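Contents: one structure, followed by commentary.
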């Protein structure tokens, strides 16, 4: 008897090779991790970036870089597929991206923030989305230099999501809208 909703084997998933990933058309999204301290969070963001063909990740400030066993543990090889670069200064990076006409979006709770569900990306526009430190969030100077601030609506008592969860929500939402 055939199983209803049989789980697929890994061999049945249409997985790209590293070369195929590198040659694929990318989602016009750049991720900026601003002073992320958790290596597991960094690895999780790499894995999400791989899943949605994200163009590049910038690891800024104290954010650790591959190869590191705790990043690799959650990235599961995504550090080999997704382009990444370390930058010491998030503000200088933002200035360079703006010069390339990339729109900068901080993911933060702030005055005049646009709720994620209300945000409509412009066609043919590249965006960089910034996720901040687990405790302090995105640096105020970075928020101030952003083109917009996007907030994930939350209705409970905490109003705080893990950075890897926030990244998953925002990346999926923008991926579907782009």
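Residue numbers (the working numbering): 5 to 182. Cβ atoms here follow ideal geometry from the backbone N, Cα and C, with glycine treated the same way. Keep in mind it's a predicted model, so treat the numbers as computed, not measured.
May I ask you to report which of helix, strand or coil DSSP gives residue 150?
Here residue 150 sits in coil by DSSP.
Residues in its own chain within less than 6 Å of residue 34 by CB, not counting five upstream and five downstream?
Contacts found: 59, 60, 132.
Specify, as a first and last residue, the run of the alpha helix (DSSP H) that residue 179 falls within.
Element bounds for residue 179: 167–181.
Could you tell me the distance, in whole angstroms, from the CA atom of residue 104 to the CA atom of residue 98?
Their Cα atoms are separated by approximately 10 Å.
Would you call the CB atoms of residue 37 and residue 64 closer than 8 Å?
Yes; because the gap between Cβ atoms is below 8 Å, this pair is in contact.
Does the stretch 100–118 come close enough to the stretch 142–153 that 3 or more CB-CB pairs lie under 8 Å?
The stretch 142–153, when compared against the stretch 100–118, does touch it at the 8 Å Cβ threshold.
Going by DSSP, what residue range makes up the beta strand (DSSP E) through residue 1?
Examination of residue 1 is not possible in this model, given that the chain is present from 5 through 182 alone.
Please go through the same chain and pick out, in chain order, the residues whose beta-carbon is closer than 6 Å to the beta-carbon of residue 142, but skip the five residues on each side of it.
The residues are 38, 110, 112, 134, 136.
Taking C-alpha atoms, which residue in 94, 6, 86, 46 lies nearest to residue 144?
With distances taken between Cα atoms, residue 144 lies closest to 94.
Measure the alpha-carbon distance for residue 31 versus residue 10 and round it to whole angstroms.
Cα-Cα distance, rounded: 30 Å.
In chain order, which continuous runs of the beta strand (DSSP E) of length 3 or greater are located wholly inside the stretch 57–108?
Whole beta strand (DSSP E) segments, 3+ residues: 58–64, 87–91.
Assign residue 21 to one of two classes, buried (16 or more other C-beta atoms within 10 Å of its C-beta) or exposed (fewer than that).
Result: exposed.
Grouping DSSP H, G and I as helix and E and B as strand, with all else coil, what is residue 48?
In this structure, residue 48 counts as helix in the three-state DSSP scheme.
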